[in-house]
Amino acid sequence: MKKITFLMLHLNYGGIEKQVTTLANKLADKYEIEIISLYNILGKSFYELDKRIKVKYVFSYGPNRKDIINALKCFKIGKFFSELKKGLKILYTKCFKIGYIVDNLDTDILISTRIEFSKQIKRDDIVVISQEHSYINTNSYKKKVKKSFKKVDYLIVMTNKAKELYETWLRECVKRPRVMLIPNMIDDYIGDGTTLHNKQIVAVGRLEEVKDFASLINVYSMIEKKHPDWILKIIGEGSQRKKLENKIDMLGLKDKVILTGRLTSDEISKELDNSSIYLLTSKSESFSLAIVEAMSHNIPCISYDIDVGPKEIITNKEDGYLIEDRNEQNMADAACILIEDSVKRVEMGMKARKTSEKFFASNIVKNWEEFLNKILE
């Protein structure tokens, strides 16, 4: 049996982590699967892993930036230097020592999930694949891409636009990887989904600047003026929580906008089944698993029309809405159309469910299996 090794930063909550664990589980029937994770944050994977999958951690702990800062604030000098030493060791390993770890792996296929890891890979005796989960179209990132994928055989991207971009950038390289398009996947959803009758709007994601939940709260404040009986739930956790809480209080929406914190997959599924509209206000998305999962629950999605991701999933005015120029009023107006027209909401929801099926694991894994069989011939 051929062996596939995934190289990851951690196995905590997150889109990359969910995508990789889903893929690893699906491939475990035909391949020996191993995951090398730099951090051990939870003591186990946040997402359920097949028992046959072997997991190895480089560090028995996770990033400790907060511990360093807290030790310094409390004038615990011994603790500060101890944590600083750990932090520097993590940084050195992340940036320079991954290559050494990879050199000693016994595997047939190595799949790297981070560009800084791919840069350190130098092996020619195995098949090296890099998954590019980000979409950053800047000159500085272009230089980073050209330097980082010299020893990569295949670069897997999530969208057509990303494929075009990276192919253009990598044409200038002497040795360049073949760029392949394999979209992200979600677990096949066989439930009935939402009835679309509950007066709940939902969004899922890390409470970080890139998700721009501040804009989402602005949008909801416009919706609430017309439809005060509808609530907004934001599912996720992150560094922006306090700022968002302050904004919610300032707008007088404390009982209307609910920050649920981090939820399990089952809990998120229940919230989706209790929702009728999904809103996405991210500044950047490489794909957006959250949209596909919402659509699989029959929910029409409204998203800002950003560079990639949503526009390759949503068909505007068919199974959802794409809002140009990050226009908050237009997003609020689109949501109000769905709130006020239950027939349209249900029709869009049914089409959204059909769209999501293209990204079910049972379909996407076939692409992976065909690809892996071909490169192992």
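Under the working numbering, think of the first position of the sequence shown as 1053, with each following residue one higher.
The beta-carbon is built from N, C-alpha and C at its ideal position, and this holds for glycine as well.
Source: prediction; values computed, not measured.
Closer than 7 Å by C-beta to residue i: which residues in its own chain qualify, once you throw out the five before and the five after it? Chain order, please.
| i | result |
| --- | --- |
| N1191 | none |
| K1199 | K1171 |
| V1256 | I1287, G1288, I1320, A1342 |
| K1209 | Checking the sequence shown, residue 1209 turns out to be Val, not Lys. E1184, K1215, Y1218, V1231, L1233, listed in sequence order. |
| F1111 | L1090, Y1091, N1092, I1142 |
| I1178 | T1159, D1160, I1161, L1162 |
Label residue i either buried or exposed according to how many other C-beta atoms from any shown protein chain fall within 10 Å of its C-beta, with 16 as the threshold for buried.
| i | result |
| --- | --- |
| F1265 | buried |
| K1225 | Per the sequence shown, residue 1225 should be read as Cys rather than Lys. With fewer than 16 Cβ atoms within 10 Å of its Cβ, C1225 is classed as exposed. |
| S1334 | buried |
| R1405 | buried |
| R1104 | exposed |
| R1230 | exposed |
| V1072 | buried |
| D1318 | exposed |
| R1117 | exposed |
| Y1356 | buried |
| E1370 | exposed |
| I1121 | exposed |
Using DSSP with H/G/I as helix, E/B as strand and the rest coil, what is residue i?
| i | result |
| --- | --- |
| G1288 | strand |
| Q1172 | coil |
| V1110 | coil |
| C1388 | helix |
| M1274 | helix |
| A1214 | helix |
| I1375 | strand |
| S1200 | helix |
| I1329 | strand |
| V1039 | This structure cannot settle anything about residue 1039, because the visible part of the chain is limited to 1053 through 1429. |
| N1116 | coil |
| F1133 | helix |
| F1412 | strand |
| I1142 | helix |
| S1317 | helix |
| I1300 | helix |
| I1269 | helix |
| G1067 | helix |
| R1405 | helix |
| D1155 | helix |
| L1324 | helix |
| R1293 | helix |
| L1101 | coil |
| I1150 | helix |
| T1247 | coil |
| I1188 | coil |
| F1339 | coil |
Just tell me which of the options has its CA closest to the CA of residue i.
| i | options | result |
| --- | --- | --- |
| L1315 | K1308, V1309, L1324 | L1324 |
| R1397 | N1379, C1353, E1260 | C1353 |
| Q1440 | M1302, D1357, T1211 | Any question about residue 1440 goes unanswered here, given that the chain covers just 1053 to 1429. |
| I1320 | A1384, G1304, I1286 | I1286 |
| S1267 | K1078, F1423, I1085, D1377 | D1377 |
| G1067 | D1357, N1350, Y1356, S1340 | S1340 |
| K1403 | I1365, S1291, I1375 | I1365 |
| C1388 | G1130, Y1206, I1283, I1120 | I1283 |
| N1415 | L1075, K1070, K1054, F1058 | L1075 |
| I1242 | S1273, S1348, Y1187 | S1348 |
| E1261 | S1291, D1301, V1360 | S1291 |
| L1296 | L1259, L1332, I1167, D1281 | L1259 |
| M1383 | K1306, I1310, M1274, L1428 | M1274 |
According to DSSP, what are the bridge partners of residue i?
| i | result |
| --- | --- |
| S1182 | S1164, L1207 |
| E1086 | T1057, K1106 |
| R1230 | Y1206 |
| L1311 | I1286 |
| I1354 | L1331, Y1373 |
| A1255 | I1286 |
| N1368 | G1372 |
| I1238 | F1412 |
With a threshold of 6 Å on Cβ separation, who are the neighbours of residue i within its own chain once the five nearest residues in sequence on each side are excluded?
| i | result |
| --- | --- |
| L1248 | S1328, R1397, V1398, G1401 |
| I1391 | H1279 |
| N1236 | Q1071, M1210, F1339, L1341 |
| N1270 | E1380 |
| K1213 | V1360 |
Ignore the nearest five residues each way along the sequence and tell me which others in residue i's own chain have a CB closer than 8 Å to its CB.
| i | result |
| --- | --- |
| L1143 | none |
| V1204 | S1164, S1170, I1173, V1180, I1181, S1182, P1229 |
| E1069 | M1060, H1062, L1063, S1097, F1098, Y1099 |
| I1351 | G1245, T1246, L1248, V1254, L1324, S1327, S1328, I1329, Y1330, G1401, A1404 |
| L1222 | V1197, K1198, F1201, L1207, R1228, P1229, V1231 |
| I1238 | T1074, L1341, V1344, E1345, S1348, S1408, F1411, F1412, A1413 |
| I1395 | With the sequence shown as reference, residue 1395 is identified as Val, and Ile is not the correct amino acid for it. Within the same chain, V1395 has no close Cβ partners at all. |
Just to confirm, does residue i get its C-beta within under 7 Å of one of the non-hydrogen atoms of the ligand SAH?
| i | result |
| --- | --- |
| M1274 | With respect to the ligand SAH, the structure offers nothing, as it holds no ligand at all. |
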